[in-house]
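All residue numbers for the sequence shown refer to this note's numbering, where the first residue is 34 and numbers rise by one. All C-beta atoms, glycine included, are put in the ideal place defined by N, C-alpha and C. Just so we're clear, the structure is a prediction, and the values are computed from it rather than from any experiment. Each remark here refers to the structure printed beneath this line.
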Amino acid sequence: MRAVKGFTLIELLVAVVAASTLSLVALQVYGAYHNLYLHLYGDYQKETAAILEELRRINPYCFGARIKR
């Protein structure tokens, strides 16, 4: 009798389908996370710009403003 070595074609196809399914799910989760990050970062930038503008309005001589002579 011959010893059977290796995988059958069906076993390889099942492994490829399982790996591709996991990759697809991982990419979708990462995409959602990335979109959330961009949204939150944009909000942070807007709030920071508003705070800096308010501080410049209160004290125009700080934050790099030049005094005209």
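Taking the alpha-carbon positions, what's the residue i to residue j distance?
| i | j | result |
| --- | --- | --- |
| leucine 57 | leucine 73 | 25 Å |
| leucine 60 | isoleucine 84 | 36 Å |
| glutamate 103 | tyrosine 94 | Nothing about residue 103 can be read from this structure; the chain reaches only from 34 to 102. |
| glycine 75 | valine 37 | 59 Å |
| serine 53 | tyrosine 70 | 25 Å |
| alanine 82 | leucine 88 | 10 Å |
| alanine 65 | tyrosine 77 | 18 Å |
| leucine 45 | leucine 55 | 15 Å |
| methionine 34 | threonine 41 | 18 Å |
| glycine 39 | valine 50 | 19 Å |
Just reading off the alpha helix (DSSP H) that residue i is part of, what are its end residues?
| i | result |
| --- | --- |
| arginine 89 | 42–91 |
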